[in-house]
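Everything on this sheet refers to the single structure shown next.
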Amino acid sequence: MVIRELNREECLRVLAQAEVARLACAHENQPYVVPVSLAYDETSGCLYGFTTPGQKVEWMRTNPLVCVEVDEIAACDRWVSVIATGRYEELPAAPEPDEEPAPARQGLAREPGLPCAANRGDLQSEEGAGNSERKRAWHVLKTRPRWWEPGSAAWAARAQRDSDEPFVLVYYKIRIDHVTGHETTRDTRDAAPAPPAGKWEWMHRTLVRLFGVGPKDGGLAP
23 MVIRELNREE
33 CLRVLAQAEV
43 ARLACAHENQ
53 PYVVPVSLAY
63 DETSGCLYGF
73 TTPGQKVEWM
83 RTNPLVCVEV
93 DEIAACDRWV
103 SVIATGRYEE
113 LPAAPEPDEE
123 PAPARQGLAR
133 EPGLPCAANR
143 GDLQSEEGAG
153 NSERKRAWHV
163 LKTRPRWWEP
173 GSAAWAARAQ
183 RDSDEPFVLV
193 YYKIRIDHVT
203 GHETTRDTRD
213 AAPAPPAGKW
223 EWMHRTLVRL
233 FGVGPKDGGL
243 AP
C-alpha cells in the first residue's frame, strides 16, 4: 500500500464530491462528532450546511472552531481521506417587517418526508431572503437531492419528545482555514511474487512422485 499526500485542489475536489461528512466541534474540552450533509461552494471556498437547533449548533455558537472529515473507502488499501479545519458562521434570516414566521404559513405544498410543521415553501422562501449569503447557501444546497432531509429528520425526532418545539431553519457555513488529505493505492510490489525457476522443477518432481502427473502433463497418469 502506498500513501500519497493530496494537494489543496485535490482535497477540495474530494470535499465537493462527498455526499456525507463528519462535523466535529468541542465545548469545554469535550469533542462531539456528527454526520452531516454539506455542499462545497467553489466561488466562496466555503462549505454550506442546513440543520435545526440542537447540541452541535449550541456548541458551535459557543466555540466556532470546527473540523470536517470526509472519506471514500473502496478497500482497506484503497481509500482517500480529507480533513478541513475552519470556523462555523451562522447565516441568520434577515427580518422582514409584518411578515408572519415561516413555520406558521399555510397553504404551501409540503415536501415529502418533511415534518408536519416544515414544508417546501419554508425552504424555498430563501429565494427572496434578504440575507444574500443565506440565499447563496440555499442555492448551493438545493443542487443536492433531498438536501433538507437530515436536518428535518433530526428535528422530527426531537419533536416527538417536545411537541411545542418550533421548526427553525439554521443555515450555516464553514469557512475553511486549512485542508489536508491522503490517498492510498495498491503497491504492485505487494503482490505475491512468482516462485523462483528452481521451485517449478521441485514441484514437478513432487507431483510426479505423488500422483504420477506434473504441471506440464495436462492430466493424471494412467
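Mind the numbering: the sequence shown is residues 23 to 244 in my numbering, read in order.
Quick reminder that beta carbons are idealized off the backbone N, C-alpha and C, glycines included.
Output the boundary residues of the beta strand (DSSP E) element that contains Cys98. In the sequence shown, counting from the first residue as 1, residue 98 sits at position 76. From DSSP, Cys98 is part of no beta strand (DSSP E); its letter is neither H nor E.
For Gly71 versus Asp199, is the C-beta spacing smaller than 9 Å? Position 49 of the sequence shown, counted from the first residue, corresponds to residue 71. Position 177 of the sequence shown, counted from the first residue, corresponds to residue 199. Contact flag unset, no.
Give the straight-line distance between the Cα atoms of Glu80 and Glu171, rounded to the nearest whole angstrom. As a working mapping, residue 80 is identified with position 58 in the sequence shown. As a working mapping, residue 171 is identified with position 149 in the sequence shown. The straight-line gap from Cα to Cα measures roughly 20 Å.
Report the partner residues of Gln52 according to the DSSP bridge assignment. Working through the sequence shown from its first residue, we reach residue 52 at position 30. His49, per the DSSP bridge assignment.
I'd like the list of long-range same chain contacts for Thr84, defined as Cβ closer than 8 Å, with 5 residues on each side in sequence excluded. Counting from one through the sequence shown, the residue named residue 84 turns up at place 62. Here the set comprises His49.
Comparing alpha-carbon positions, which option in Glu31, Leu28, Trp101 and Leu45 lies nearest Tyr110? As a working mapping, residue 110 is identified with position 88 in the sequence shown. Nearest C-alpha to Tyr110: Leu45.
Quick test of the definition: if touching needs 3 or more C-beta pairs under 8 Å, does the stretch 28-46 touch the stretch 201-209? yes
What do you get for Tyr54, buried or exposed, if any count of 16 or more other CB atoms within 10 angstroms of its CB means buried? Position 32 of the sequence shown holds residue 54. Burial check for Tyr54: the Cβ neighbour count within 10 Å stays below 16, so the residue is exposed.
Quick one: residues in its chain with C-beta nearer than 6 Å to the C-beta of Val42, no 5 flanking neighbours on either side, listed in chain order? Taking the sequence shown and counting its residues from 1, one reaches residue 42 at position 20. If we look at Val42 and ignore the five residues flanking it on each side, its Cβ neighbours are Pro57.
CB-CB length for Asp63 against Thr206, believed under 8 Å: On the sequence shown, residue 63 is found 41 positions in, with the first residue counted as 1. On the sequence shown, residue 206 is found 184 positions in, with the first residue counted as 1. Between Thr206 and Asp63 the Cβ distance is about 28 Å, and since that is not below 8 Å, they are no contact.
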